[in-house]
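Enquirer: Dropping the structure in here first, questions after.
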Amino acid sequence: MENALFPPPSPGSEVAARVSSLFVYPIKSCKGISLSQAALTPTGFRWDRNWLIVNSKGRGLTQRVEPKLSLIEVEMPKHAFAEEWELQKSSNMVVRAPGMDVLKVSLAKPDKIADGVSVWEWSGSALDEGEEASQWFTNFVGKPCRLVRFDSASEIRPVDPNYAPGHIAMFSDMYPFLLISKGSLHSLNKLLKDPVPINRFRPNIFVDGCEPFAEDLWTEILIDNFTFHGVKLCSRCKVPTINQETGIGGQEPIETMRNFRSDKVLQPKSKPQGKIYFGQNMVWKDRLGDGTGKTIEIGDPVVVLGKLCSSAEAAT
């Protein structure tokens, strides 16, 4: 039976685009890692937003309040993103930032528990990565911090059941996957005095070959025979205004986007909430299937199975 939240596939599916880039962000709000292929998990790509920097009250920090987090680089073991990769005792996540010594964080799960961790609507416990990591992030951010890891053995973070019941995430903002098209970025950049790169928008899946903002309409797509549902347009905060190479904020591209990507423009019949949209939040439909080979890679075709007629119909 078709879920009422997901319109049924439209007849005559089409190859709409191809995967151009894939990104993961192991530590929330720090630099992403570009991949040639990415392994799928129910909470997003493997290693995506597994870690979170928290303040002295356990509240998750993001670039919204600490834009310098954009300067923190994260490196994972060479083959850690392959589905068949197995953890070794010597496996580390390597963290770098300007003016800081290199920090190595063991990928073996720590024993210490941090209670009272919160990010947006969720609160619970997490795994504490210890004093060395805490001191490193405290020194870099300039206020007491700790590095924590999502404890998937004892915690669950459901996404909004109004949009994707039964789906879960780790420390991503709301949903496991964010998809954006090159056409959309190009359309925006034509309006900007200084074009912005895709890293301002922090997608997981970047596709090429479709019309600008075609992804607004996608309710169901196939990427290498894996089914994804588009569940909600992505409401943007101030992070796209932060230069990811310098950590310095500005006004653009949000000011320009307000003119043509606001809810007031896209959905004129609805009461405006002052939101600006760019990108499609997605969930992986067949996340519970058995078998191996659950990876997507650059060049994979994006086949549209279901779509809306206009952005005014899109969930926000």
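For the sequence shown, our numbering begins at 50 and goes up steadily by one.
Cβ atoms here follow ideal geometry from the backbone N, Cα and C, with glycine treated the same way.
Nothing here was measured: the structure is a model prediction, and the numbers come from that model.
Using a beta-carbon distance below 8 Å, is GLN137 in contact with chain D?
Expert: Any reference to chain D falls outside this structure, which holds one protein chain only.
Enquirer: So within the segment 252-300, which uninterrupted beta strand (DSSP E) runs reach at least 3 residues, ignoring any that extend past its ends?
Expert: Correct list: 254-257, 267-272, 275-284.
Enquirer: Could you pull out every residue in the same chain whose Cβ sits closer than 7 Å to the Cβ of ARG113, ignoring the five residues on either side in sequence?
Expert: For ARG113, where only same-chain residues beyond five positions count, the Cβ hits under 7 Å are CYS286, LYS287, VAL288.
Enquirer: Should the segment 130-150 be regarded as contacting the segment 78-88, the criterion being three or more beta carbon pairs within less than 8 Å?
Expert: Yes: the two stretches touch, three or more of their Cβ pairs being nearer than 8 Å.
Enquirer: Over the uninterrupted alpha helix (DSSP H) stretch that includes GLU304, give me the two end residues.
Expert: From DSSP, the alpha helix (DSSP H) with GLU304 extends over 303-306.
Enquirer: Rounded to whole angstroms, how far is the Cβ of MET223 from the Cβ of THR92, which I believe are closer than 8 Å?
Expert: 12 Å between Cβ atoms; not a contact.
Enquirer: Check the DSSP bridge columns for TYR326 and list the partner residues they point to.
Expert: Partner(s): SER284.
Enquirer: Within the same chain, show all residues whose beta-carbon is closer than 6 Å to that of GLY296, passing over the 5 residues directly before and after it, in chain order.
Expert: If we look at GLY296 and ignore the five residues flanking it on each side, its Cβ neighbours are PRO116, LYS117, SER119, LEU120.
Enquirer: Less than 8 Å between the CB atoms is what I'm expecting for VAL280 and ASN330, so what's the real figure, rounded?
Expert: 6 Å between Cβ atoms; contact.
Enquirer: State buried or exposed for GLU264, treating a residue as buried only when at least 16 other CB atoms are found within 10 Å of its CB.
Expert: Flag for GLU264 reads buried.
Enquirer: Give a yes or no on whether the C-beta atoms belonging to VAL68 and ILE270 are separated by under 8 Å.
Expert: Contact flag unset, no.
Enquirer: With 16 as the cutoff for other CB atoms within 10 Å, does ARG221 come out buried or exposed?
Expert: Reading the sequence as shown, one finds Ser at residue 221 and not Arg. Label assigned to SER221: buried.
Enquirer: Nearest-angstrom Cα distance between ILE325 and ASP97?
Expert: So the alpha carbons of these two residues sit roughly 24 Å apart.
Enquirer: Quick one: residues in its chain with C-beta nearer than 6 Å to the C-beta of VAL64, no 5 flanking neighbours on either side, listed in chain order?
Expert: Closer than 6 Å at Cβ, skipping near neighbours: PRO350, VAL352.
Enquirer: Taking DSSP as the reference, what is the three-state secondary structure of ILE121?
Expert: The answer is coil: DSSP assigns ILE121 none of H, G, I, E or B.
Enquirer: Report yes if the CB atom of ALA361 is closer than 8 Å to the CB atom of GLN316, and no otherwise.
Expert: Yes, Cβ-Cβ distance for ALA361 and GLN316 is below 8 Å.
Enquirer: Using the beta-carbon count (16 or more within 10 Å), is LYS242 buried or exposed?
Expert: With fewer than 16 other Cβ atoms within 10 Å, it is exposed.
Enquirer: Could you tell me the distance, in whole angstroms, from the CA atom of ASN211 to the CA atom of GLU122?
Expert: ASN211 and GLU122: Cα-Cα distance of roughly 35 Å.
Enquirer: Would you decide whether SER359 is buried or exposed? Buried here means 16 or more other CB atoms lie within 10 Å of its CB.
Expert: SER359 comes out exposed.
Enquirer: Give me the Cα-Cα distance between GLY109 and ASN188, rounded to the nearest whole angstrom.
Expert: Looking at the two C-alpha atoms, the distance is approximately 17 Å.
Enquirer: Out of curiosity, what's the CA-to-CA distance linking LEU176 and PRO302?
Expert: Straight-line Cα distance between these residues: approximately 36 Å.
Enquirer: Exposed or buried, which one is ALA202 when buried takes at least 16 other CB atoms within 10 Å?
Expert: With fewer than 16 Cβ atoms within 10 Å of its Cβ, ALA202 is classed as exposed.
Enquirer: Within its chain, find whatever has a CB closer than 7 Å to the CB of TRP267; leave out the 5 residues flanking it on each side and keep chain order.
Expert: Answer for TRP267: GLY279, GLN329, VAL353, LYS356, listed in chain order.
Enquirer: Strictly by DSSP, which residues pair up with PRO207?
Expert: Beta-bridge pairing links PRO207 to ILE217.
Enquirer: Rank LYS127, MET125, LYS77, SER139 by C-alpha distance to the C-alpha of THR111 and give the top, closest one.
Expert: Closest by alpha carbon: LYS77.
Enquirer: With 16 other CB atoms within 10 Å as the buried threshold, where does SER233 fall?
Expert: It is buried - the Cβ of SER233 has at least 16 other Cβ atoms within 10 Å.
Enquirer: Have a look at ASN292, SER105, THR276 and flag the residue whose alpha-carbon is nearest the alpha-carbon of SER183.
Expert: Answer by Cα proximity: SER105.
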